[in-house]
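Only one structure is covered here, and it is reproduced in the block below.
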Amino acid sequence: MALALQIIKAVVLVLTGITILVTIHELGHFLTAKAFGMRVEAFSIGFPPKIFSFTRGETEYQVGATPLGGYVKIAGMIDESMDKNTIKQEAEREQYLKDRRSGKEMAPEDMPEWMPKPWEFRSKPVWQRLIVMTGGVIMNVILGILIFTTLKMSYPEYRLPMSEVKYGIEVGEATLGSFIGFETGDELLSFKGEKLPYFSDYASHELLLEDDAYFEVKRKGQVVTLPIRPDIQNFFNHDSLSGELFTFDAPAIVLVAEAMPTPEGDRPLPAYAAGMRDGDEIIALDSTPIARFSALRTFMKGKANQTVVVTALRGADTLSFQVSVDSLSILGVQPDITGLFKVDTIAYTFFGDPGFMDALRDGTAQAFGFISTNAQGLKNLGREGVSISNSVMGPIQIAKVYLDAFNAGGLRRFFELTGMLSMILAFVNILPIPALDGGHVLFLLIEAITRREPSVKVRLIAQQVGMVLILGLMIFILFNDAFRLFS
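Here it is, written out as structure tokens:
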């Protein structure tokens, strides 16, 4: 039952996120087309078959049953769906436009039915058509910037200065950090020779995609260089690895949880039941000295269903607890870092310092950071060892990411992910691939530079080839998603 509810939640989250992104994108095309007097014949969220539709004015508004995209149908716009008769008519339109540019005119009432009308896409100046074709991308960029700016205005940011990372780092097993070569106890020194000001700066995946990337750490008194392999992006979404790089380590001063919620009800936790309380400092487990919380975590592995003797300081007293560990090797404590670290708090306000313009600047930088990361990731696809199957995510993986994000951070994480996907959608759509917005933009730029419109036949063939490539990629991604799910 709990699994079914999580699946339903994942579906609702991913459909909500995709609907927001698609609606905003298609509105960009729709609003710019209407602004330039173009007739919009259809505005669809989702692809056919239609679930429902209604017509208002000249436009049919509809919701499709396939929720992986949407489209705006603009009168007079060439796409890959045209039949042979339409192709012939478009060739005649092409000749008409050439005559029109040479000074020959025809009254609208004398035009044959298939002749381009003033409200059609092809009848408009190239600069207007360019704006219409980039309208969706522009709206996705605006959405991304708005989301990240609003989040910065709504939630304070807490940043840990590197000067406060006094106890080294902790690296979990089967994590991206352990794959790179980090070890618990390492002291972060630099990235590509540069000392970064905040701990979160080092923990960013964006760094890993840079050319010739490497970290420097101090390990047992020696400086160690950790180069980043070019194929690292294969492992960002790897099923056997957590995406975590590392966390900062801390003394074993603990907060003690009384119980853990489960679908069957609250489950009492061992440390609290044995008498441990918040603020206790664990100094030994079964007479083994413990100096850091990471050492506590390491010691507890393999202690399921055993009794562990915990020695702890409580004020000036040294206490001993007989803790009966449960079947999951859970002790029921977490590090208490209250007062251990001085954290920089950044709270943006409309007035004051930092203010709205600072939030807008930083939100814009964060948004475009995702475009930079994906551009670098696309560039890396040509490098040896980089696998496209591990570098792309389909709807199943995106749904899982949405679920994990929402469970971890609620609406804040939901909108962070939606903002990121909005920027990725903008980046992918502007690529010069026929059948994408970028393919249309490419042909329009050629027309603007050469002052000659590429022939209808060339554009149709390019659109059809592009559509085949995109459909092939979508099928690959869906099968890849399913394979990763069931394997």
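If you read the sequence shown in numbering that gives the first Met the number 0, its first letter stands for residue 0, the second for the next number, and so on.
Note that beta-carbon positions come from the ideal geometry of N, C-alpha and C, so glycine has one too.
Being a predicted model, the structure only gives us computed values, none of them experimental.
Between the alpha carbons of residue i and residue j, how many angstroms are there, rounded?
i           : j           : result
residue 436 : residue 430 : 8 angstroms
residue 322 : residue 335 : 19 angstroms
residue 460 : residue 11  : 38 angstroms
residue 80  : residue 462 : Residue placement at residue 80 cannot be trusted, given a pLDDT of 46 that sits under 50; the coordinates are not used to answer.
residue 245 : residue 268 : 26 angstroms
residue 134 : residue 20  : 13 angstroms
residue 324 : residue 295 : 13 angstroms
residue 346 : residue 155 : 4 angstroms
residue 483 : residue 375 : 24 angstroms
residue 165 : residue 291 : 11 angstroms
residue 147 : residue 464 : 36 angstroms
residue 378 : residue 208 : 10 angstroms
residue 406 : residue 191 : 34 angstroms
residue 65  : residue 202 : 37 angstroms
residue 235 : residue 197 : 22 angstroms
residue 300 : residue 177 : 17 angstroms
Leaving out the 5 sequence neighbours to the left and right, which residues in its chain are closer than 7 angstroms to residue i when beta-carbon positions are compared?
i           : result
residue 205 : 368, 372
residue 144 : 362, 363, 366
residue 458 : 77, 442
residue 186 : 167, 216, 217
Could you check if residue i is buried or exposed, using at least 16 other CB atoms within 10 Å of its CB as the buried criterion?
i           : result
residue 450 : exposed
residue 43  : buried
residue 259 : exposed
residue 428 : buried
residue 285 : exposed
residue 220 : exposed
residue 452 : buried
residue 227 : buried
residue 304 : exposed
residue 356 : exposed
residue 4   : exposed
Can residue i be considered in contact with the ligand NAD, in the sense that its beta carbon sits closer than 8 angstroms to one or more heavy atoms?
i           : result
residue 148 : Because no ligand of any kind appears in the structure shown, any question about the ligand NAD cannot be addressed here.
Of the residues the options, which one's Cα is nearest the Cα of residue i?
i           : options            : result
residue 273 : 215, 265, 256, 286 : 256
residue 124 : 379, 173, 35       : 35
residue 479 : 442, 396, 466, 420 : 396
residue 179 : 139, 165, 230      : 230
residue 233 : 412, 184, 382, 370 : 382
residue 424 : 466, 141, 8        : 141
Using a Cβ-Cβ cutoff of less than 6 angstroms, which residues in the same chain neighbour residue i once the five nearest sequence positions on both sides are dropped?
i           : result
residue 119 : 74, 75
residue 400 : none
residue 275 : 255, 320
residue 18  : none
residue 443 : 125, 128, 129
Starting from the C-beta of residue i, find all residues in its chain whose C-beta is less than 8 angstroms away, skip the five residues before and the five after it, and write them out in chain order.
i           : result
residue 82  : Residue placement at residue 82 is flagged as unreliable, the pLDDT there being 48, under the threshold of 50; the coordinate-derived value follows with that caveat. Once the five neighbours on either side are set aside, residue 82 has no close Cβ partner at all.
residue 39  : 29, 32, 33, 57, 58, 71, 72, 73, 74
residue 288 : 282
residue 189 : 195, 214, 215
Quick one, are the C-beta atoms of residue i and residue j less than 9 angstroms apart?
i           : j           : result
residue 332 : residue 319 : no
residue 161 : residue 348 : no
residue 45  : residue 63  : yes
residue 421 : residue 23  : yes
residue 249 : residue 339 : yes
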